[in-house]
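Quick note on numbering: the sequence shown equals residues 0 to 639 in numbering that gives the first Met the number 0.
Think of the CB as a built atom: it goes at the ideal place given N, C-alpha and C, for glycine as much as any other residue.
Quick notes on the structure that follows.
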Amino acid sequence: MPEGCSSFAGLKEKGASWEAFDARPLLPKAAFFMGDLRDGLPMLNMQAAFLVSAKNFSEKQVGILFLAFGLAQFVCMTPAGYFLDYSNNKIDWVIWSGAITSILTVTTAVIAHPGGNNLGLMVLIKILQGGISAILPPAFNSVTLGIVGGSGFTFQVSRNRMMNHVGTALIVAIGSLISYLLYPNIGALFIVSPLAMIGVYYNMVRIKPAHVDKDAARALIVESSTMTEYEHLETQNSLVSQIPIEQEDGSDEVSSSRSHYSKGSPLTDTYSPSQGSREATIKNNINNKTEEEALPLHHEMTPSIPDNAVKFQDTPLSPKNDQETSEHSRNKKYDSSIPSFNLGWGNQRQRSDSSSKSDDPVTVSPRARTPLAVLRDPTLLAFTFVLFTFHLSNSSVLPLVMQSLTIEDERSGILLSGMCILIGQGFMSWFAKICGDYSPKWGRKGLTLAALSSLTVRCFLLTLLATAAEDVKTEMSAIVVKGLILSTQMLDSVGAGIFGTMHILITNDISCRTGRFSLMMGATTGAMCLGATISGYVGQAIAEDYGYAIAFTSLGIMSLVPLFLFAFCMPETLPDYVKPEQRKRRLMIILKKINDQRRKLAAKATNHFRRRRDQQVSMELQDRKEESLIEKPSPEKEFV
Numbered sequence: 000m001p002e003g004c005s006s007f008a009g010l011k012e013k014g015a016s017w018e019a020f021d022a023r024p025l026l027p028k029a030a031f032f033m034g035d036l037r038d039g040l041p042m043l044n045m046q047a048a049f050l051v052s053a054k055n056f057s058e059k060q061v062g063i064l065f066l067a068f069g070l071a072q073f074v075c076m077t078p079a080g081y082f083l084d085y086s087n088n089k090i091d092w093v094i095w096s097g098a099i100t101s102i103l104t105v106t107t108a109v110i111a112h113p114g115g116n117n118l119g120l121m122v123l124i125k126i127l128q129g130g131i132s133a134i135l136p137p138a139f140n141s142v143t144l145g146i147v148g149g150s151g152f153t154f155q156v157s158r159n160r161m162m163n164h165v166g167t168a169l170i171v172a173i174g175s176l177i178s179y180l181l182y183p184n185i186g187a188l189f190i191v192s193p194l195a196m197i198g199v200y201y202n203m204v205r206i207k208p209a210h211v212d213k214d215a216a217r218a219l220i221v222e223s224s225t226m227t228e229y230e231h232l233e234t235q236n237s238l239v240s241q242i243p244i245e246q247e248d249g250s251d252e253v254s255s256s257r258s259h260y261s262k263g264s265p266l267t268d269t270y271s272p273s274q275g276s277r278e279a280t281i282k283n284n285i286n287n288k289t290e291e292e293a294l295p296l297h298h299e300m301t302p303s304i305p306d307n308a309v310k311f312q313d314t315p316l317s318p319k320n321d322q323e324t325s326e327h328s329r330n331k332k333y334d335s336s337i338p339s340f341n342l343g344w345g346n347q348r349q350r351s352d353s354s355s356k357s358d359d360p361v362t363v364s365p366r367a368r369t370p371l372a373v374l375r376d377p378t379l380l381a382f383t384f385v386l387f388t389f390h391l392s393n394s395s396v397l398p399l400v401m402q403s404l405t406i407e408d409e410r411s412g413i414l415l416s417g418m419c420i421l422i423g424q425g426f427m428s429w430f431a432k433i434c435g436d437y438s439p440k441w442g443r444k445g446l447t448l449a450a451l452s453s454l455t456v457r458c459f460l461l462t463l464l465a466t467a468a469e470d471v472k473t474e475m476s477a478i479v480v481k482g483l484i485l486s487t488q489m490l491d492s493v494g495a496g497i498f499g500t501m502h503i504l505i506t507n508d509i510s511c512r513t514g515r516f517s518l519m520m521g522a523t524t525g526a527m528c529l530g531a532t533i534s535g536y537v538g539q540a541i542a543e544d545y546g547y548a549i550a551f552t553s554l555g556i557m558s559l560v561p562l563f564l565f566a567f568c569m570p571e572t573l574p575d576y577v578k579p580e581q582r583k584r585r586l587m588i589i590l591k592k593i594n595d596q597r598r599k600l601a602a603k604a605t606n607h608f609r610r611r612r613d614q615q616v617s618m619e620l621q622d623r624k625e626e627s628l629i630e631k632p633s634p635e636k637e638f639v
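So this is what it looks like as structure tokens:
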């Protein structure tokens with residue numbers, strides 16, 4: 000690992016546990032405060048409610064602003080992902096793009112004139128905000144992938160999305176309450192955005208560049224060396240705390256304290272157990288340097304492997320999975336972490352080291368595919384079109400629902416609009432967790448189809464409710480209809496909650512070993528932004544000209560396109576290394592490696608103590624022999 004987990008190196012000197020340097024818990028915390036920060040406030044819907052109710056913007060003017068924002072995102076998203084594949088400062092990109100986006104969000108509220116008199120300036124700000132915010136999705140997900148690798152990406156993304164939805168719900172709740180209390184001067188609600196950015200900065204700055212494996216962050220390799228180190232440390236701690244320790248004959252007192260990690264481990268090619276004042280070094284598989292081995296005076300004995308792990312010990316992995324578990328320890332003859340700028344079709348020609356020996360296990364390091372070869376992948380193209388059509392039919396539904404609730408009473412309507420997002424985001428967090436827990440077992444396709452079909456059901460239900468809202472006669476009936484409209488956000492939770500998480504996971508599945516994760520993430524997210532942009536404008540225009548019922552009907556018909564396209568044109572993309580059996584087998588392999596290493600250390604230490612004991616016995620015999628010679632009188636003295 001280039002830099003790997005170098006922050007672990009000083010654990011023994013600092014006296015801290017390795018968990019204190021674990022970057023994984025920081026990702027959901029940053030996602031919590033991020034709360035759709037890339038769109039200003041969540042999904043731009045609070046901005047829409049603000050401009051319509053407080054600044055008297057028309058629906059078409061709001062649609063023009065969001066059209067400019069979405070087109071800027073679409074244009075910048077793929078180039079941003081392309082260059083992020085080359086960047087080793089992805090954490091800084093997340094921080095700076097989030098900060099600038101937050102500032103532009105506040106600027107939107109400050110400079111907006113009543114009736115949209117300065118629409119040109121507003122459009123310019125939205126273009127700038129869209130371009131800057133295009134960096135956030137590929138950058139943050141690339142940081143996540145670089146830390147946990149492909150095998151841990153499903154779980155980590157689901158937790159990130161879960162906390163993101165919870166944070167979004169909290170941001171909306173605070174913003175809606177501020178708007179309700181300060182109405183009609185509700186521009187103060189946008190102060191929530193910079194406050195959330197402070198939380199993003201606090202957590203992202205604690206993630207060190209050394210935590211992000213460069214190759215894993217680009218999906219050039221499957222396993223992140225950082226995640227591999229975490230798994231070794233977790234397994235090591237679990238062994239020490241739960242498994243009884245064996246003692247071998249001839250050994251002295253055994254120390255069972257947890258070992259700290261420093262450079263040179265045969266397990267991870269990065270760290271080895273610290274051994275007192277001496278360093279136990281080995282032949283490093285990366286640079287082929289042989290160093291002196293030394294043994295401690297006290298050692299850790301080998302814990303036994305659980306019975307349920309025996310069947311995994313002698314079962315070889317398939318060539319594919321064996322390659323995945325050893326990606327990080329390949330013998331790199333040259334720098335392979337930076338993709339080539341070659342834009343040609345097909346894979347790049349792989350170089351080999353002519354001076355390498357014929358018996359070397361690996362002579363060619365993994366290389367990134369060219370951008371055009373990646374972008375013409377039929378699976379990626381099909382999924383990109385599914386994303387475009389889904390958001391084309393989905394993105395304008397929530398703004399239309401919120402606007403329909405604010406027609407009669409703008410003040411209470413803003414509170415109801417916040418309730419729409421609050422309910423939806425609250426349940427989305429639960430569905431995001433389901434994706435992480437069950438997609439490795441059930442696959443990606445079934446859950447995604449459930450998300451796509453929920454949009455169709457939601458649109459047709461809203462059509463019926465919008466028609467009923469036009470015919471209500473009493474106040475109680477109006478309250479009931481509004482309550483039913485709010486309840487449809489449960490279906491939004493199913494659709495957006497599952498599909499938002501699956502978008503990231505399926506993109507990573509397709510990008511495996513291409514070295515172009517950020518590029519592909521930018522392409523798919525750009526298609527999503529383009530669909531959302533066109534949807535916002537078309538939906539607003541239909542609602543203004545023909546009414547909300549016709550708008551919901553049109554969007555429901557459009558939602559059938561991504562449903563059938565995904566059902567018949569998309570394969571199941573779940574990779575083998577994410578499946579529970581493969582993860583269990585990989586952990587058993589780690590356990591076996593740790594067990595074997597500790598047995599070797601125990602055997603060497605036992606021989607060391609036996610040699611010392613034999614030397615002591617030999618020295619004692621020699622001393623006794625010398626003493627007997629001194630005490631025995633000479634023959635001359637006896638004669639006298």
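Out of curiosity, what's the CA-to-CA distance linking Ser395 and Gly535?
Taking the first residue of the sequence shown as 1, we reach residue 395 at position 396. Taking the first residue of the sequence shown as 1, we reach residue 535 at position 536. Their Cα atoms are separated by approximately 5 Å.
Quick one: using the 10 Å Cβ neighbour count with 16 as the cut-off for buried, is Met569 buried or exposed?
In the sequence shown, the residue the question calls residue 569 occupies position 570. Flag for Met569 reads buried.
Is Ile220 helix, strand or coil by DSSP?
Position 221 of the sequence shown holds residue 220. Note: Ile220 maps to coil in three-state DSSP.
Neighbourhood of Ser452 by C-beta, 7 Å cutoff - its chain only, sequence neighbours within 5 removed
Your numbering for residue 452 matches position 453 in the sequence shown. Here the set comprises Leu562.
Three-state secondary structure (DSSP) of Thr524
Along the sequence shown, read from residue 1 onward, the residue named residue 524 stands at position 525. Thr524 sits in a helix when the DSSP states are folded into three classes.
With C-beta atoms as the reference, is Cys434 less than 8 Å away from Ser157?
As a first step, residue 434 is located in the sequence shown; it is residue number 435 there, counting from the start. As a first step, residue 157 is located in the sequence shown; it is residue number 158 there, counting from the start. If you check the CB distance, Cys434 and Ser157 come in under 8 Å.
Within a Cβ cutoff of 8 Å, which residues of the same chain sit near Met121, ignoring the five residues on either side of it in sequence?
As a first step, residue 121 must be located in the sequence shown, where it is residue number 122. Correct list, in chain order: Leu64, Thr107, Ile110, Ala111, Gly115.
Straight-line Cα distance separating Ala133 from Ser303
Here residue 303 refers to the residue found at position 304 when the sequence shown is read from its first residue. Here residue 133 refers to the residue found at position 134 when the sequence shown is read from its first residue. Per-residue confidence for Ser303 stands at a pLDDT of 43, beneath the threshold of 50, marking its modelled position as unreliable; no derived number is given.
Can you list, in chain order, the residues of its chain whose CB lies under 8 Å from that of Trp344, leaving out five sequence neighbours each side?
Here residue 344 corresponds to residue number 345 of the sequence shown, with the count starting at 1. Caution applies to Trp344, whose pLDDT of 41 falls short of 50 and renders its modelled position unreliable; the value that the coordinates give is listed next. Taken in chain order, the residues that qualify are Thr369, Leu371, Ala372, Arg375.
Are the beta-carbon atoms belonging to Ile509 and Ala450 less than 8 Å from one another?
In the sequence shown, the residue the question calls residue 509 occupies position 510. In the sequence shown, the residue the question calls residue 450 occupies position 451. Against a cut-off of 8 Å, the Cβ pair of Ala450 and Ile509 comes out as no contact.
With H, G and I counted as helix, E and B as strand and the rest as coil, what does DSSP make of Glu323?
In the sequence shown, counting from the first residue as 1, residue 323 sits at position 324. Per-residue confidence for Glu323 stands at a pLDDT of 42, beneath the threshold of 50, marking its modelled position as unreliable; no derived number is given.
With Gly423 and Ser486 assumed to form a contact (beta carbons below 8 Å), what rounded beta-carbon distance in angstroms separates them?
Position 424 of the sequence shown, counted from the first residue, corresponds to residue 423. Position 487 of the sequence shown, counted from the first residue, corresponds to residue 486. At roughly 11 Å, the Cβ-Cβ gap does not stay under 8 Å, so Gly423 and Ser486 are not in contact.
Buried or exposed for Ala656, please, with buried defined as at least 16 other CB atoms from any protein chain shown within 10 angstroms of its CB.
Since the displayed the chain opens at 0 and closes at 639, residue 656 lies outside it and no answer follows.
Straight-line Cα distance separating Ala477 from Thr77:
Locating residue 77 in the sequence shown gives position 78, where the first residue counts as 1. Locating residue 477 in the sequence shown gives position 478, where the first residue counts as 1. So the two alpha carbons sit approximately 45 Å from each other.
Give me the Cβ distance between Leu386 and Met527, rounded to the nearest whole Å; I'm assuming they're in contact under 8 Å.
What you label residue 386 is simply residue 387 of the sequence shown in a count that begins at 1. What you label residue 527 is simply residue 528 of the sequence shown in a count that begins at 1. About 5 Å; that satisfies the 8 Å criterion.
Residue burial classification, Asn159 (beta-carbon count within 10 angstroms, cutoff 16):
Along the sequence shown, one-based indexing puts residue 159 at 160. Answer is buried; the Cβ neighbour count reaches 16.
Length of the line joining the Cα atoms of Ser258 and Lys591
Within the sequence shown, numbered from 1, the residue matching residue 258 stands at position 259. Within the sequence shown, numbered from 1, the residue matching residue 591 stands at position 592. Because Ser258 carries a pLDDT of 39, less than 50, the predicted location of this residue cannot be relied on, and the following value inherits that uncertainty. Looking at the two C-alpha atoms, the distance is approximately 17 Å.
For Gly62, which of helix, strand or coil comes out of DSSP?
Locating residue 62 in the sequence shown gives position 63, where the first residue counts as 1. Helix at Gly62.
If you follow the alpha helix (DSSP H) that Lys54 is part of, which residue opens it and which one closes it?
On the sequence shown, residue 54 is found 55 positions in, with the first residue counted as 1. First-last for Lys54: undefined, no H or E at that position.
Compute the Euclidean distance between the alpha carbons of Lys319 and Glu222, then round it to the nearest angstrom.
The residue labelled residue 319 in the question sits at position 320 within the sequence shown. The residue labelled residue 222 in the question sits at position 223 within the sequence shown. Note on Lys319: pLDDT 41, under 50, position unreliable in the model; the coordinate value appears next. Near 13 Å, if we compare the C-alpha coordinates of Glu222 and Lys319.
Please list, in chain order, all residues of the same chain as Trp429 whose beta carbon is under 8 Å from its beta carbon, the five residues on each side excluded.
Mapped onto the sequence shown, residue 429 falls at position 430. Counting only Cβ-Cβ distances below 8 Å, and skipping sequence neighbours, we find Met161, Ser492, Gly496.
Evaluate Trp441 with the Cβ neighbour count: other Cβ atoms within 10 Å of its Cβ, from every protein chain shown; 16 or more gives buried, anything less gives exposed.
On the sequence shown, residue 441 is found 442 positions in, with the first residue counted as 1. Using a 10 angstroms sphere on the CB of Trp441, the tally of other CB atoms stays under 16, which defines it as exposed.
Shortest alpha-carbon distance to Val400 belongs to which of Tyr85, Leu554, Ser224?
On the sequence shown, position 401 is the one that residue 400 refers to. Of the candidates Tyr85, Leu554, Ser224, the one whose C-alpha sits nearest the C-alpha of Val400 is Leu554.
Since Lys89 is in the alpha helix (DSSP H), which residue starts that stretch and which ends it?
Here the question's residue 89 lines up with position 90 in the sequence shown. 89 to 110 is the span of the alpha helix (DSSP H), which, as asked, contains Lys89.
Since Gln539 contacts Lys59 with CB under 8 Å, what's their CB separation in whole angstroms?
Counted from its first residue, the sequence shown places residue 539 at position 540. Counted from its first residue, the sequence shown places residue 59 at position 60. Between Gln539 and Lys59 a beta carbon distance of about 6 Å is seen, short of the 8 Å cut, so the two are scored as contacting.
Is the beta carbon of Val147 sitting closer than 8 Å to the one on Phe31?
By 1-based counting over the sequence shown, the position of residue 147 is 148. By 1-based counting over the sequence shown, the position of residue 31 is 32. Between Val147 and Phe31, the C-beta spacing is not below 8 Å.
Which of helix, strand or coil does DSSP assign to Met569?
On the sequence shown, residue 569 is found 570 positions in, with the first residue counted as 1. Shown here, Met569 sits in coil according to DSSP, grouped into three states, outside any helix or strand.
Cβ of Lys89 within 8 Å of Cβ of Val199?
The residue you call residue 89 lines up with position 90 of the sequence shown. The residue you call residue 199 lines up with position 200 of the sequence shown. Result no, Cβ atoms of Lys89 and Val199 do not sit closer than 8 Å.
Going straight from the alpha carbon of Ser192 to that of Ser96, what length do you get?
Within the sequence shown, numbered from 1, the residue matching residue 192 stands at position 193. Within the sequence shown, numbered from 1, the residue matching residue 96 stands at position 97. For Ser192 and Ser96, the distance between alpha carbons rounds to 13 Å.
Taking just the CA atoms, how far does Arg515 sit from Lys207?
In the sequence shown, the residue the question calls residue 207 occupies position 208. In the sequence shown, the residue the question calls residue 515 occupies position 516. C-alpha separation (whole angstroms): 22 Å.
Once the 5 residues before and after Thr462 are set aside, which same chain residues still bring their CB inside 6 Å of it?
Indexing the sequence shown from 1 puts residue 462 at position 463. Within its own chain, the residues whose Cβ lies closer than 6 Å to the Cβ of Thr462, once the five positions on either side in sequence are excluded, are Ala548, Phe551, Thr552, listed in chain order.
Among residues of its own chain, excluding the 5 on either side of Thr455, which ones have a beta-carbon nearer than 7 Å to its beta-carbon?
Taking the first residue of the sequence shown as 1, we reach residue 455 at position 456. A distance below 7 Å between beta-carbons, with the five flanking residues on each side excluded, links Thr455 to the following residues of its chain, in chain order: Gly555, Ser558, Leu559, Leu562.
Considering just the uninterrupted stretch of the alpha helix (DSSP H) at Leu181, what are its terminal residues?
Position 182 of the sequence shown, counted from the first residue, corresponds to residue 181. Counting along the chain, the alpha helix (DSSP H) containing Leu181 begins and ends at 135 to 181.
Is DSSP giving Cys75 helix, strand or coil here?
Taking the first residue of the sequence shown as 1, we reach residue 75 at position 76. Cys75 carries a helical assignment under DSSP once its states are collapsed to helix, strand and coil.
Roughly how many angstroms lie between the CA atoms of Val204 and Ala468, to the nearest whole one?
Indexing the sequence shown from 1 puts residue 204 at position 205. Indexing the sequence shown from 1 puts residue 468 at position 469. Taking the straight line joining both Cα atoms gives about 49 Å.
Mind checking whether Gly425 and Ala168 have CB atoms under 8 Å apart?
For the purposes of this step, residue 425 is identified with residue 426 of the sequence shown, where counting begins at 1. For the purposes of this step, residue 168 is identified with residue 169 of the sequence shown, where counting begins at 1. Their beta carbons are under 8 Å apart, which means Gly425 touches Ala168 by this criterion.
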